[in-house]
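What follows is one structure encoded as structure tokens, with my remarks underneath.
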Amino acid sequence: MTEDTPFPTQNRSPQDWWPEMLDLSALDQNARDAGPYDDDFDYAEAFESLDFEAVKEDIEAVMTDSKDWWPADYGHYGPFFIRMAWHSAGTYRTSDGRGGAAGGTQRFAPLGSWPDNANLDKARRLLWPVKQKYGRNLSWADLIVLAGNVAMESMGFDTFGFAGGREDEFEPDASTDWGPEDEMETWDRFDEEDTLEDHLGATVMGLIYVNPEGPEGEPDPEWSAERIRESFGRMAMNDKETAALIAGGHTFGKVHGADDPDEHVGPEPAAAPIEDMGLGWESDYGEGKGDDTITSGIEGPWNSTPTMWDTSYLDNLLNYEWEVEEGPGGAHQWTPVDEDAVEDAPEAHGDGTQTPMMLTTDVALKKDPDYREVIEEFQNDPMEFLDAFAKAWYKLIHRDMGPPERFLGPEVPDETMIWQDPLPDRDFEPIGADAAAQLEEELLDSDLSTSQLVKTAWAAAATYRDSDKRGGADGARIRLEPQRSWEVNEPEELAAALETYEEIQAEFNESRSDGTAVSLADLIVLGGNAAIEQAASEAGYDIEVPFEPGRVDAEAEWTDEESFEALELDSDGFRNYVGGEHNRKLEELLVDKADLLDLTPEEMTVLVGGMRTLGATYGDSDRGVLTDDTESLDNDFFVNLLDMQYDWEQADEAGQVYEGYDRETGEQAWEATRFDLIFGSNDRLRAIAEVYASEDGEEQFVQDFVETWHEVMTLDRFDLE
Numbered sequence: 001m002t003e004d005t006p007f008p009t010q011n012r013s014p015q016d017w018w019p020e021m022l023d024l025s026a027l028d029q030n031a032r033d034a035g036p037y038d039d040d041f042d043y044a045e046a047f048e049s050l051d052f053e054a055v056k057e058d059i060e061a062v063m064t065d066s067k068d069w070w071p072a073d074y075g076h077y078g079p080f081f082i083r084m085a086w087h088s089a090g091t092y093r094t095s096d097g098r099g100g101a102a103g104g105t106q107r108f109a110p111l112g113s114w115p116d117n118a119n120l121d122k123a124r125r126l127l128w129p130v131k132q133k134y135g136r137n138l139s140w141a142d143l144i145v146l147a148g149n150v151a152m153e154s155m156g157f158d159t160f161g162f163a164g165g166r167e168d169e170f171e172p173d174a175s176t177d178w179g180p181e182d183e184m185e186t187w188d189r190f191d192e193e194d195t196l197e198d199h200l201g202a203t204v205m206g207l208i209y210v211n212p213e214g215p216e217g218e219p220d221p222e223w224s225a226e227r228i229r230e231s232f233g234r235m236a237m238n239d240k241e242t243a244a245l246i247a248g249g250h251t252f253g254k255v256h257g258a259d260d261p262d263e264h265v266g267p268e269p270a271a272a273p274i275e276d277m278g279l280g281w282e283s284d285y286g287e288g289k290g291d292d293t294i295t296s297g298i299e300g301p302w303n304s305t306p307t308m309w310d311t312s313y314l315d316n317l318l319n320y321e322w323e324v325e326e327g328p329g330g331a332h333q334w335t336p337v338d339e340d341a342v343e344d345a346p347e348a349h350g351d352g353t354q355t356p357m358m359l360t361t362d363v364a365l366k367k368d369p370d371y372r373e374v375i376e377e378f379q380n381d382p383m384e385f386l387d388a389f390a391k392a393w394y395k396l397i398h399r400d401m402g403p404p405e406r407f408l409g410p411e412v413p414d415e416t417m418i419w420q421d422p423l424p425d426r427d428f429e430p431i432g433a434d435a436a437a438q439l440e441e442e443l444l445d446s447d448l449s450t451s452q453l454v455k456t457a458w459a460a461a462a463t464y465r466d467s468d469k470r471g472g473a474d475g476a477r478i479r480l481e482p483q484r485s486w487e488v489n490e491p492e493e494l495a496a497a498l499e500t501y502e503e504i505q506a507e508f509n510e511s512r513s514d515g516t517a518v519s520l521a522d523l524i525v526l527g528g529n530a531a532i533e534q535a536a537s538e539a540g541y542d543i544e545v546p547f548e549p550g551r552v553d554a555e556a557e558w559t560d561e562e563s564f565e566a567l568e569l570d571s572d573g574f575r576n577y578v579g580g581e582h583n584r585k586l587e588e589l590l591v592d593k594a595d596l597l598d599l600t601p602e603e604m605t606v607l608v609g610g611m612r613t614l615g616a617t618y619g620d621s622d623r624g625v626l627t628d629d630t631e632s633l634d635n636d637f638f639v640n641l642l643d644m645q646y647d648w649e650q651a652d653e654a655g656q657v658y659e660g661y662d663r664e665t666g667e668q669a670w671e672a673t674r675f676d677l678i679f680g681s682n683d684r685l686r687a688i689a690e691v692y693a694s695e696d697g698e699e700q701f702v703q704d705f706v707e708t709w710h711e712v713m714t715l716d717r718f719d720l721e
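Counted from 1, the sequence shown has number 163 at position 163 by full-length UniProt numbering; the numbering is strictly sequential.
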């Protein structure tokens, strides 16, 4: 050891040595329940046991109990807690449903050490006594968001509601790609044409949305408006919701830039010394707190009433002219052209006053004609402003929670919003075992092949995203636009299959007079089950695929087509489908989709093997179908993939397609893709594949495939929990 390295370096992982190795860490997280709670701990039950009003009273008491170690601005922590809640929920993005408030991952790196979350570590410490009091009955994920709601209510705002049910994570998220940059507050995510990478939401590494000074630090309101629209749009907000969120959020509190952060602020929590006990951003400017606080480097309040709900933010922004200046923190901010005309705000800590300011992102709302129209409407109709902000805020903090049946607590609104992908109440009795058996026979006797039955069920269920609990087979939205026209679903073949399903459904339902009926959603899943049972029988295994009836069929008027476009699969390794261009390897796309399905490495492996063996590939392609008998559920895929009789060679320039040649005859025997070969190439996945390829592994393969198939078919069945 030297003076420069006082402690030994940590052991290097295989991923450190060989960065190109396939990273399975996201699936490993799905394989275990991290955390200290027992396996049978039921958070929903624990949350429902709370005296909810008492919890809110305890949170509200914290709001005005200013602590010397981090004193409250204006004697009220409310604006601080709103920022904390907003930044917890605001990481959500529609592209893959990742981010958001679920899990309370703001507590961990990287989010907890992002520059945009500077000093929010103190907000959580202020709330620790509340968390400590209620323990496992109140997750950090729920507490962080609830504190934002209580903060608004304590300052005179009527929130739209609150739902609990967010379980805590106990380790950082391994699955989310936050961007390509190597340094914080950089923006390599834009190409030469200023286009943001498809899957990202934020425009800058380490920021929740956009740079408040303006794009790339330029105080350009028009350009800023473009970035705002892009970023908020990727987080499921339209122009009205975006304007409401910015205007409503900036009605409260102030920003902090007493001096230059680069000159005075220490490392973030992840890089801070151990004696700081998980806190970061220690400042040596003045007292390092109170009026000397440095967070963003921008300084000042937006209005004269920073702890009260009103329209003064809108009045200041629209009624006065603003010019850019360099604030005390060295950042671009906007000051009134006529400072005497604008009512001063009180100092956050003291008896003096302070001139209100605006961010470039605020002025953007005024300069952009579409945003301006919205905020002028809000200024002229304060009740419309209140309603718009209340609903946009509710959407922001609940967007990643899934359907309403997952929402807990006494403040869940009665109103259902279309962004919740609502399903109708079931007005019929679901089918029993005898009816299911009858329908299975009819499906197997129909003109639908084994692969069609399996692919249709998979297409319905595989839209599910565990990230935001959207998609899945329930609702049979596969029969509605936009899903029925997605390329991955082979629209022509799907339309023909749906016609057969609908005929069988209609005939069955018309024949019943006892109130029993089968939904198309149930029938599609049942069809996949029937095909698998028959294929297992062909392989010599008598096995029953579990079936849980009770699904309903969604209505088109309660299906937001634009919103559902985000669920379209531009690749699906399980069906050996690739559409469009990708800047990632196919096997990485497969792992990403497997993670959204909450699968483990073993489950991903067995599903791919089963789908290939049944010939359930896009376009009925032979790629990856390493068997001569697609009517039999056997382990041929793994046996042939691992057989040294075959030599694999790249068959296309992109390195996606490969051909397998018989080493003795030189004849081509198989064709496959990277989706397939990864199970022979990657050491961990090969170890799993070897189990299923062994002479005693076929029965386990069939059992594991059936079990995992059932899990995927019921991922969205929150009514079964």
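Beta carbons: idealized from backbone N, C-alpha and C, even for Gly.
All of these numbers come straight from a predicted model, not from anything done at the bench.
Candidates the options: which alpha carbon is nearest residue i's?
{"i": "residue 657", "options": "322, 674 and 663", "result": "674"}
{"i": "residue 598", "options": "422, 102, 19 and 464", "result": "464"}
{"i": "residue 83", "options": "109, 52, 123 and 92", "result": "123"}
{"i": "residue 70", "options": "26, 326, 79 and 126", "result": "126"}
{"i": "residue 23", "options": "118, 585 and 320", "result": "585"}
{"i": "residue 453", "options": "561, 535, 353 and 703", "result": "535"}
{"i": "residue 29", "options": "175, 648, 620 and 142", "result": "175"}
{"i": "residue 516", "options": "432, 45 and 304", "result": "432"}
{"i": "residue 648", "options": "626, 635 and 636", "result": "626"}
{"i": "residue 326", "options": "302, 344 and 359", "result": "359"}
Does residue i come out as helix, strand or coil in the three-state DSSP assignment?
{"i": "residue 479", "result": "helix"}
{"i": "residue 259", "result": "coil"}
{"i": "residue 341", "result": "helix"}
{"i": "residue 545", "result": "coil"}
{"i": "residue 668", "result": "strand"}
{"i": "residue 582", "result": "coil"}
{"i": "residue 3", "result": "Confidence in residue 3 is poor, its pLDDT being 47 and thus under 50, which makes the residue's placement too unreliable to answer from."}
{"i": "residue 17", "result": "helix"}
{"i": "residue 636", "result": "helix"}
{"i": "residue 524", "result": "helix"}
{"i": "residue 199", "result": "coil"}
{"i": "residue 518", "result": "coil"}
{"i": "residue 52", "result": "helix"}
{"i": "residue 619", "result": "helix"}
{"i": "residue 409", "result": "coil"}
Counting C-beta neighbours from all protein chains within 10 Å, is the total for residue i 16 or more, i.e. buried, or is it exposed?
{"i": "residue 382", "result": "exposed"}
{"i": "residue 41", "result": "exposed"}
{"i": "residue 609", "result": "buried"}
{"i": "residue 133", "result": "exposed"}
{"i": "residue 170", "result": "exposed"}
{"i": "residue 505", "result": "buried"}
{"i": "residue 17", "result": "exposed"}
{"i": "residue 720", "result": "exposed"}
{"i": "residue 67", "result": "exposed"}
{"i": "residue 106", "result": "buried"}
{"i": "residue 147", "result": "buried"}
{"i": "residue 666", "result": "exposed"}
{"i": "residue 215", "result": "buried"}
{"i": "residue 337", "result": "exposed"}
Just the Cα atoms here: how many angstroms apart are residue i and residue j?
{"i": "residue 196", "j": "residue 181", "result": "13 Å"}
{"i": "residue 642", "j": "residue 81", "result": "56 Å"}
{"i": "residue 2", "j": "residue 279", "result": "Residue confidence is low: residue 2 scores 44 on pLDDT, short of 50, so the model does not pin down where it sits. No coordinate-derived value is stated."}
{"i": "residue 184", "j": "residue 191", "result": "18 Å"}
{"i": "residue 61", "j": "residue 329", "result": "32 Å"}
{"i": "residue 509", "j": "residue 520", "result": "11 Å"}
{"i": "residue 575", "j": "residue 36", "result": "38 Å"}
{"i": "residue 540", "j": "residue 611", "result": "18 Å"}
{"i": "residue 262", "j": "residue 222", "result": "28 Å"}
{"i": "residue 706", "j": "residue 272", "result": "49 Å"}
Inset, instruction - State whether the segment 383-395 contacts the segment 155-166, with contact taken as three or more CB pairs (one from each stretch) at a distance under 8 Å. - result: yes
Legend entry - Segment contact flag, the segment 402-422 with the segment 491-508, C-beta cutoff 8 Å, min 3 pairs: no
Inset, instruction - Spell out a yes or no on whether the segment 145-159 and the segment 51-59 are touching, meaning 3 or more CB-CB pairs, one atom from each, closer than 8 Å. - result: yes
Legend entry - Touch test, the segment 550-564 against the segment 468-484, Cβ-Cβ under 8 Å, three pairs minimum: yes
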